[in-house]
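Q:
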């Protein structure tokens, strides 16, 4: 058991903006958005977050050079942190967001752990192109530089929302969602944060489309790309709010000696949506991803004192090509009676953001739920939840 619970979430995708918009689409197949043509310079179709505009969502100040990847991360974090209120502007929003009703209190130490494939491929490509085409003396637009870095989204999220806890970017591909949950749970257990915003974002752009086409041609059965991001607010459970030991535990006790944190199942006073029972990953060294994932799932269930028959729902990551079949084979062996759900059927291929979207797809069904992931780099993993 990790001692961590999920207390809030939000998402931005082709389904719309916010948790309510996604719940409405998840519950009604007729409302699922079709892929839309994206045209030149790389033709094709994609599930683009058409309702999202960086400037409209965040305001004009501080967003003139912000790319969609960082904009998605900043915007999607607003709902869990500020009770759905729009961020009020660069830097100036910090104190207002922290003191908003239902939001994170200023004394709380909140961390950010965001997953990605490689950051914003479009910004990185544009920055590189400018280094070859723009005139001296600068050759590049310096305002783009911060957003070309892989940790831009996590950093901007912390800056905009005034989050002072650990700030981490995990570039794990489809494993990113599970990796952020495990990393966040460890931060809570070590007393490094009171709450952790875990999630991932993937923007859509010609660069990402081109890279996907080179890696897995559409003719090979790849889904249209999807754009969006989802975040989960992870907090320690109230019955074990200080899952730390030694000096870290004493430090955390002192930090919160005047805080009233024990009124609800979530240590921050929020009603938990699900408990994180465990996360496990492994490397497929035998070129048999189904067997590797099978073993991973069984070990996670054993550690939680559960069996495959206890699992009521499974959300798969839906990787392209034969890996999708291997993932479903492993699920069929270990949780044959579970309801299998695939966010890719609704949102398209959201890459690193698939993990948190998988979790959001399971939060409407109470009981034990499983999240699985298989990546082309040879890693597999699973996460076990108890949904309330």
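Residue numbers (the numbering used here): 1181 to 1568. Every residue gets a Cβ at the ideal spot worked out from N, C-alpha and C, and that includes glycine.
(1) Can you tell me the Cα-Cα spacing of residue 1307 and residue 1328, whole angstroms?
(2) Determine the direct distance from the alpha carbon of residue 1246 to that of residue 1319, and round the result to whole angstroms.
(3) Would you kindly work out how many angstroms separate the C-alpha atoms of residue 1289 and residue 1374, rounded to a whole number?
(4) Using three-state DSSP, classify residue 1213 as helix, strand or coil.
(5) To which residues of the same chain is residue 1326 closer than 7 Å at the C-beta, ignoring the five residues directly before and after it?
(6) Taking 7 Å as the threshold (C-beta atoms), are residue 1528 and residue 1403 in contact?
(7) Put residue 1529 into one of helix, strand or coil per three-state DSSP.
(8) Is residue 1564 closer than 7 Å to residue 1484 when the C-beta atoms are compared?
(9) Are the stretch 1353-1367 and the stretch 1536-1555 touching by the rule of at least three beta carbon pairs closer than 8 Å?
(10) Fully enclosed by the stretch 1316-1376, which alpha helix (DSSP H) runs are 4 residues long or longer?
(11) Between residue 1387 and residue 1541, what straight-line distance do the alpha-carbon atoms span, to the nearest angstrom?
(12) What residue range does the alpha helix (DSSP H) around residue 1393 cover?
(13) Go ahead and label residue 1536 buried or exposed: buried means 16 or more other beta carbons lie within 10 angstroms of its beta carbon, across all protein chains shown.
(14) Excluding the 5 residues preceding and the 5 following residue 1367 in the sequence, name in chain order all residues of the same chain whose CB lies nearer than 6 Å to its CB.
(15) Which residue wins for smallest C-alpha separation from residue 1192, given the options 1352, 1486, 1257, 1465?
(16) If we count the other Cβ atoms within 10 Å of its Cβ and call it buried at 16 or more, is residue 1236 buried or exposed?
(17) Distance, Cα to Cα, residue 1410 vs residue 1463?
(18) For the ligand MG, any of its heavy atoms closer than 6 Å to the Cβ of residue 1408?
(19) Give the list of continuous alpha helix (DSSP H) stretches no shorter than 4 residues that lie fully inside the stretch 1213-1242.
A: Judging by the given coordinates:
(1) 7 Å
(2) 19 Å
(3) 5 Å
(4) Here residue 1213 sits in coil by DSSP.
(5) 1332.
(6) yes
(7) strand
(8) yes
(9) Flag = yes, the stretch 1353-1367 and the stretch 1536-1555 touch.
(10) 1325-1328, 1332-1341, 1356-1369
(11) 28 Å
(12) 1386-1395
(13) Answer is buried; the Cβ neighbour count reaches 16.
(14) 1291, 1346, 1373, 1376
(15) Ranking 1352, 1486, 1257, 1465 by Cα distance to residue 1192 puts 1257 first.
(16) exposed
(17) 26 Å
(18) Absence of the ligand MG from the depicted structure is noted, as is the absence of any ligand whatsoever, leaving it without description.
(19) If one requires a minimum length of 4 residues, the alpha helix (DSSP H) runs lying completely within the stretch 1213-1242 are 1234-1238, in chain order.
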